[in-house]
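Reading through the structure tokens given below for one structure.
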Amino acid sequence: MTSPLTYLARHLQALLGTLGYLLRRPLGTLLSIAVISLALTLPACLYLLVKNARVATGSVTEAIELTVYLKTDVSLERARQLADSARARREAGRVTLISAEEGLEEFRKYSGFGAALEALQGNPLPHVISLRPNSDRADPSSIAALQRYLSSWPETDIVQVDNEWVRRLSALLGLLERVFQVFAALLAAGVLAIIGNAIRLEISARRAEIEVTKLVGGSNAYVRRPFLYLGGLYGLLGAGLAALWLIAINAALEPWLLQLARLYGSSFNLLGLTPPELGVLLGGGALLGLVGAWIGAARHLSRIEPRQ
Amino acid sequence: MIQFEHVFKRYPNGREALQDVSFRIGAGEFVFLTGRSGAGKSSVLKLVALLERPTRGSVLVNGQDTGSLPARAVPAYRRRLGVVFQDHQLLMDRPVYDNVALPLMVSDTRYRDIDKRVRAALDQVGLREQERALPLELSVGEQQRVGIARAVVARPTILIADEPTGNLDHSLARDVMQLFTRFQEVGVTVVIATHDMALVREFGHRELHIDEGRLLGGTAAT
Ligand SMILES: Nc1ncnc2c1ncn2[C@@H]1O[C@H](COP(=O)(O)OP(=O)(O)O)[C@@H](O)[C@H]1O
Ligand SMILES: [Mg+2]
Numbered sequence: 001m002t003s004p005l006t007y008l009a010r011h012l013q014a015l016l017g018t019l020g021y022l023l024r025r026p027l028g029t030l031l032s033i034a035v036i037s038l039a040l041t042l043p044a045c046l047y048l049l050v051k052n053a054r055v056a057t058g059s060v061t062e063a064i065e066l067t068v069y070l071k072t073d074v075s076l077e078r079a080r081q082l083a084d085s086a087r088a089r090r091e092a093g094r095v096t097l098i099s100a101e102e103g104l105e106e107f108r109k110y111s112g113f114g115a116a117l118e119a120l121q122g123n124p125l126p127h128v129i130s131l132r133p134n135s136d137r138a139d140p141s142s143i144a145a146l147q148r149y150l151s152s153w154p155e156t157d158i159v160q161v162d163n164e165w166v167r168r169l170s171a172l173l174g175l176l177e178r179v180f181q182v183f184a185a186l187l188a189a190g191v192l193a194i195i196g197n198a199i200r201l202e203i204s205a206r207r208a209e210i211e212v213t214k215l216v217g218g219s220n221a222y223v224r225r226p227f228l229y230l231g232g233l234y235g236l237l238g239a240g241l242a243a244l245w246l247i248a249i250n251a252a253l254e255p256w257l258l259q260l261a262r263l264y265g266s267s268f269n270l271l272g273l274t275p276p277e278l279g280v281l282l283g284g285g286a287l288l289g290l291v292g293a294w295i296g297a298a299r300h301l302s303r304i305e306p307r308q
Numbered sequence: 001m002i003q004f005e006h007v008f009k010r011y012p013n014g015r016e017a018l019q020d021v022s023f024r025i026g027a028g029e030f031v032f033l034t035g036r037s038g039a040g041k042s043s044v045l046k047l048v049a050l051l052e053r054p055t056r057g058s059v060l061v062n063g064q065d066t067g068s069l070p071a072r073a074v075p076a077y078r079r080r081l082g083v084v085f086q087d088h089q090l091l092m093d094r095p096v097y098d099n100v101a102l103p104l105m106v107s108d109t110r111y112r113d114i115d116k117r118v119r120a121a122l123d124q125v126g127l128r129e130q131e132r133a134l135p136l137e138l139s140v141g142e143q144q145r146v147g148i149a150r151a152v153v154a155r156p157t158i159l160i161a162d163e164p165t166g167n168l169d170h171s172l173a174r175d176v177m178q179l180f181t182r183f184q185e186v187g188v189t190v191v192i193a194t195h196d197m198a199l200v201r202e203f204g205h206r207e208l209h210i211d212e213g214r215l216l217g218g219t220a221a222t
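One line per chain: the protein sequences are V and L, in this order. Just so you know, this note's numbering puts 113 at position 113 of the first sequence, and the rest follows in order with no gaps. Just so you know, this note's numbering puts 7 at position 7 of the second sequence, and the rest follows in order with no gaps.
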């Protein structure tokens with residue numbers, strides 16, 4: 001029987017009431033929001049660190065090269081077939097076959113041993129297949145899989161992977177990502193606890209009002225509503241403040257990083273939060289606040305019953 | 001209609017507040033619940049308002065057995081009941097208007113109707129001028145009338161009051177009783193717990209007398 005308009009108006013009233021309440025005690029509000037924002041800034045920083053590091057090393061990742069030295073008795077025909085089957089792999093990007101003749105020619109041209117090589121009876125060089133990983137499959141596990149595949153050919157002598165350090169860096173970033181996840185989970189639990197506690201204090205401060213409201217027939221949903229708004233607003237405002245922290249940290253680090261990048265002769269743009277990421281931060285903050293308030297309200301509101 | 005059938009109420013501390021209480025109050029009746037302090041008057045009203053549940057027996061209100069009412073149906077049940085208590089239970093940091101509007105706010109009454117009904121209720125108790133005042137700026141008698149306005153604003157069919165004149169001098173108490181009488185005249189069932197026998201004699205309505213948790217005399221149902 002509830003008209004949707006009346007229902008909406010009740011919500012609006014609860015929201016405005018909560019906003020007014022927050023404004024009436026600015027210091028306490030600011031303190032709560034500051035604590036929540038710090039808890040959100042920490043994992044967000046870590047996230048941005050990993051993101052920037054990934055982009056900064058991305059171009060390096062593309063420089064990874066795998067070189068397959070085939071056994072010397074493998075025919076050129078077979079070497080072509082092998083190069084084709086390597087090309088068919090999803091992990092493989094550009095695949096080049098350098099035949100023994102081409103290798104020798106190159107060697108003759110660039111090594112300066114031209115005359116000495118004339119004395120050779122046969123060609124001592126093997127056919128070589130050189131591969132670049134596919135740029136969106138340049139992660140360590142794909143490269144390792146590719147390496148295992150190439151090594152499994154009976155015709156393969158050795159497989160050489162360049163840039164081992166890229167793998168290590170990538171593993172390190174992977175670890176940081178894990179740390180970010182653990183941090184995010186821990187601090188989310190922290191935010192839940194902070195907001196749950198704020199709601200608990202608020203409920204006990206407004207005990208008399210809750211009792212009277214229930215006495216005149218206020219449902220649990222009605223009584224709970226302002227507290228949910230309170231939690232949601234705490235979370236949202238905390239996330240908003242965290243976004244401001246991130247912008248400030250970004251601005252403080254940028255000149256320093258630019259200088260660093262210039263030393264390495266590279267151009268580098270520090271990436272902040274994209275609009276969708278900002279949305280996730282704000283939405284996640286509000287959701288955390290809502291859930292924290294819900295838990296706090298569920299635990300403490302049901303215990304308050306009108307007495308006389 | 002309120003009907004008690006062999007109701008027992010024992011509090012967690014072992015106190016037997018009501019023992020085998022049976023009575024029936026018809027729709028539109030005005031009934032005084034009398035007895036010494038500690039006799040069990042408030043317990044009867046608390047059972048009606050579902051602030052307590054009987055240990056044994058059943059409480060029927062408007063034909064419905066309150067014992068079979070699930071917890072989530074209690075708010076809606078209370079919204080059909082007007083309740084006045086001795087210590088008013090007003091929200092001290094809210095103006096008179098907001099206090100009276102509360103039972104309508106928790107229901108889905110539209111704002112336009114809320115305004116009309118709050119003003120009407122304040123008119124009935126003679127506090128229209130004080131709608132912006134805070135309860136603390138009012139006298140005790142005025143506070144009690146705010147409580148009454150809040151109890152009747154949602155137009156309940158049953159109005160229960162626990163010692164509504166406890167803090168008032170005799171002439172103020174009479175005013176308040178007259179107010180209740182007027183509600184009865186428009187069809188509301190009124191049950192008032194009081195130990196003010198002078199008032200009870202003066203108004204001469206039906207009396208249910210409780211002594212140490214037992215109903216004495218007047219048990220006959222109407
Ligand atoms: N919540 C409670 N817990 C324990 N004992 C109670 C409680 N409420 C009332 N009592 C006891 O029950 C008896 C009846 O109380 P009450 O119904 O308040 O009487 P009255 O309103 O007539 O003064 C009294 O002895 C009182 O002490
Ligand atoms: Mg009493």
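Each residue gets a CB set at the ideal place from its N, CA and C atoms; glycine is no exception. Since this is a predicted model, take the numbers as computed values, not measurements.
{"Item": "Do residue 230 of chain V and residue 39 of chain V have their CB atoms nearer than 8 Å?", "Value": "no"}
{"Item": "Helix, strand or coil: which one does DSSP assign to residue 65 of chain V?", "Value": "coil"}
{"Item": "So, does the CB of residue 4 of chain V fall closer than 8 Å to a CB anywhere in chain L?", "Value": "no"}
{"Item": "With a CB to CB cut of under 7 Å and the five nearest residues on each side skipped, what residues in its chain are close to residue 305 of chain V?", "Value": "214"}
{"Item": "Comparing alpha-carbon positions, which option in L:175, L:37, L:137 lies nearest residue 148 of chain L?", "Value": "L:175"}
{"Item": "Please specify which runs of the alpha helix (DSSP H), each continuous and at least 4 residues long, are wholly inside the stretch 202 to 237 of chain V, giving them in chain order.", "Value": "207 to 215"}
{"Item": "Indicate, with yes or no, if ligand 2 has a heavy atom lying under 7 Å from the CB of residue 193 of chain L.", "Value": "yes"}
{"Item": "For the alpha helix (DSSP H) that contains residue 175 of chain L, what are its first and last residues?", "Value": "170 to 185"}
{"Item": "Nearest chain L C-beta to residue 291 of chain V closer than 8 Å, yes or no?", "Value": "no"}
{"Item": "With which residues is residue 24 of chain L paired in a DSSP beta bridge?", "Value": "L:3"}
{"Item": "Look at residue 143 of chain L and residue 156 of chain L and say whether their C-beta atoms are less than 8 Å apart.", "Value": "no"}
{"Item": "Whose Cβ in chain L lies nearer than 7 Å to the Cβ of residue 222 of chain V?", "Value": "106"}
{"Item": "In its own chain, which residues sit with a C-beta less than 6 Å from the C-beta of residue 222 of chain L, not counting the 5 before and 5 after it?", "Value": "Per-residue confidence for residue 222 of chain L stands at a pLDDT of 43, beneath the threshold of 50, marking its modelled position as unreliable; no derived number is given."}
{"Item": "Would you say residue 5 of chain L reaches chain V, if we count a Cβ-Cβ gap shorter than 8 Å as a contact?", "Value": "no"}
{"Item": "Using the three-state DSSP reduction, which class does residue 162 of chain V fall into: helix, strand or coil?", "Value": "coil"}
{"Item": "Evaluate residue 13 of chain L with the Cβ neighbour count: other Cβ atoms within 10 Å of its Cβ, from every protein chain shown; 16 or more gives buried, anything less gives exposed.", "Value": "exposed"}
{"Item": "Answer with yes or no whether the minimum CB distance from residue 120 of chain L to chain V is below 8 Å.", "Value": "no"}
{"Item": "Sorted by chain position, which residues of the same chain lie with C-beta nearer than 7 Å to residue 48 of chain L's C-beta, five sequence neighbours on each side aside?", "Value": "2, 59, 61, 160"}
{"Item": "Distance, Cα to Cα, residue 274 of chain V vs residue 249 of chain V?", "Value": "15 Å"}
{"Item": "Use the C-beta contact count for residue 124 of chain V: other C-beta atoms within 10 angstroms, 16 or more gives buried, fewer gives exposed.", "Value": "exposed"}
{"Item": "Should residue 41 of chain L be listed as close to ligand 2, given that the test is whether its C-beta is under 7 Å from any heavy atom?", "Value": "yes"}
{"Item": "Where do the N-terminal and C-terminal ends of the beta strand (DSSP E) with residue 281 of chain L fall, by residue?", "Value": "With chain L running from 1 to 222 in the structure shown, residue 281 of chain L is simply not present."}
{"Item": "Would a C-beta distance cut-off of 8 Å place residue 161 of chain V and residue 69 of chain V closer than the cut-off?", "Value": "no"}
{"Item": "Measuring straight from C-alpha to C-alpha, what distance separates residue 286 of chain V and residue 197 of chain V?", "Value": "16 Å"}
{"Item": "Residues of the stretch 79 to 97 of chain L in Cβ contact with chain V at a cutoff of 7 Å, in chain order, please.", "Value": "79, 83, 85, 89, 91"}
{"Item": "Quick one: grab the DSSP three-state call for residue 220 of chain L.", "Value": "Legend: pLDDT at residue 220 of chain L = 45, less than 50; position of this residue unreliable, value from coordinates given subsequently. Three-state result, residue 220 of chain L: coil."}
{"Item": "Can residue 52 of chain L be considered in contact with ligand 2, in the sense that its beta carbon sits closer than 7 Å to one or more heavy atoms?", "Value": "no"}
{"Item": "Give the residues of chain V in contact with residue 111 of chain L, contact being defined as C-beta atoms less than 7 Å apart.", "Value": "9"}
{"Item": "State yes or no: is the beta carbon of residue 150 of chain L nearer than 8 Å to at least one beta carbon in chain V?", "Value": "yes"}
{"Item": "Would a check of beta-carbon distances place residue 135 of chain L closer than 8 Å to chain V?", "Value": "no"}
{"Item": "Start and end of the alpha helix (DSSP H) containing residue 101 of chain V?", "Value": "100 to 111"}
{"Item": "For the pair the stretch 207 to 215 of chain L and the stretch 32 to 50 of chain L, tell me if three or more CB-CB distances fall below 8 Å.", "Value": "yes"}
{"Item": "Within 7 Å: the Cβ of residue 98 of chain L and any heavy atom of ligand 2?", "Value": "no"}
{"Item": "For residue 209 of chain V, go through chain L and note every residue whose CB falls closer than 9 Å to its CB, in chain order.", "Value": "91, 93, 94"}
{"Item": "Would you please state the rounded distance, in angstroms, between the beta carbons of residue 29 of chain V and residue 108 of chain L? I believe it to be under 8 Å.", "Value": "With a Cβ gap of about 31 Å, residue 29 of chain V and residue 108 of chain L do not count as contacting."}
{"Item": "Express the C-alpha separation of residue 234 of chain V and residue 27 of chain V in angstroms, rounding to a whole number.", "Value": "13 Å"}
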